[in-house]
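Numbering (our numbering), first residue to last: 1 to 243. Beta carbons: idealized from backbone N, C-alpha and C, even for Gly.
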């Protein structure tokens, strides 16, 4: 696999998505212990909310922080709908706590940036995804950030990968794609003919695939796959992300 001297397209969203089930478990416990829902009702409410939120994480007719409360109101039992706003506040807090980068991942990103250009591509509505990016403090770690809601394409469309390469001012063959979803991250990276693809399965028991060039257990193993290179000197041609 040709990596190039000092360029890498790295999708770090895969680092956090594993944490969502943890937030779900915690909110179910809160529903039971603080608000008195039965285990069955709490699990059903949490499951239905998460399904609805994943299907539609944002709605422009609502303020960004009001949308989760609306979904909770629809998912809670009728006699508990009055707690929707409180539960929504708890959920948002837990979600971002669980999504926060670990010290190991922060160190990885800081180390990679010494040698490589880093880009992040994420699918989703513009407001919701940029809120996530800002609250998690991701902007400072990447040379290019692309949200599908701002563009006419989303992963696995090869065009969004090629747009990232263009913003980084590098050839696709000089980039690699790192992601946790075969159907979007890895497939899209292959179709864009990037230099390589690295898959990080969300679960250890997921069936192996020959689609990615490499499979690793966790993102901190990524440096073992990358070539040694001289320290990167960023140029004025490198994409600048507005502050």
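Backbone CA spacing between residue i and residue j [nearest angstrom]
{"i": "residue 204", "j": "residue 198", "result": "15 Å"}
{"i": "residue 152", "j": "residue 131", "result": "20 Å"}
{"i": "residue 48", "j": "residue 163", "result": "35 Å"}
{"i": "residue 186", "j": "residue 207", "result": "15 Å"}
{"i": "residue 58", "j": "residue 175", "result": "31 Å"}
{"i": "residue 161", "j": "residue 112", "result": "20 Å"}
{"i": "residue 110", "j": "residue 139", "result": "12 Å"}
{"i": "residue 108", "j": "residue 146", "result": "21 Å"}
{"i": "residue 136", "j": "residue 182", "result": "24 Å"}
{"i": "residue 150", "j": "residue 126", "result": "6 Å"}
{"i": "residue 93", "j": "residue 68", "result": "12 Å"}
{"i": "residue 101", "j": "residue 215", "result": "21 Å"}
{"i": "residue 227", "j": "residue 217", "result": "19 Å"}
CB contact flag (residue i, residue j, <7 Å)
{"i": "residue 184", "j": "residue 98", "result": "no"}
{"i": "residue 194", "j": "residue 212", "result": "no"}
{"i": "residue 156", "j": "residue 196", "result": "no"}
{"i": "residue 191", "j": "residue 159", "result": "no"}
{"i": "residue 55", "j": "residue 72", "result": "no"}
{"i": "residue 167", "j": "residue 144", "result": "yes"}
{"i": "residue 91", "j": "residue 28", "result": "no"}
{"i": "residue 220", "j": "residue 114", "result": "no"}
Residue from the options whose Cα sits closest to the Cα of residue i
{"i": "residue 120", "options": "80, 126, 142", "result": "142"}
{"i": "residue 40", "options": "72, 58, 77, 63", "result": "77"}
{"i": "residue 96", "options": "65, 83, 118, 110", "result": "65"}
{"i": "residue 79", "options": "68, 113, 42, 52", "result": "42"}
{"i": "residue 169", "options": "29, 116, 44, 88", "result": "116"}
{"i": "residue 88", "options": "210, 219, 31", "result": "31"}
{"i": "residue 81", "options": "35, 101, 148", "result": "35"}
Residue environment, residue i, which counts as buried when at least 16 other CB atoms sit within 10 Å
{"i": "residue 33", "result": "exposed"}
{"i": "residue 180", "result": "buried"}
{"i": "residue 62", "result": "exposed"}
{"i": "residue 74", "result": "exposed"}
{"i": "residue 123", "result": "buried"}
{"i": "residue 223", "result": "exposed"}
{"i": "residue 202", "result": "exposed"}
{"i": "residue 46", "result": "buried"}
{"i": "residue 24", "result": "buried"}
{"i": "residue 148", "result": "buried"}
Identity of the residues DSSP links to residue i by a beta bridge
{"i": "residue 199", "result": "179, 215"}
{"i": "residue 133", "result": "Answer is none; residue 133 lacks a bridge partner."}
{"i": "residue 121", "result": "146"}
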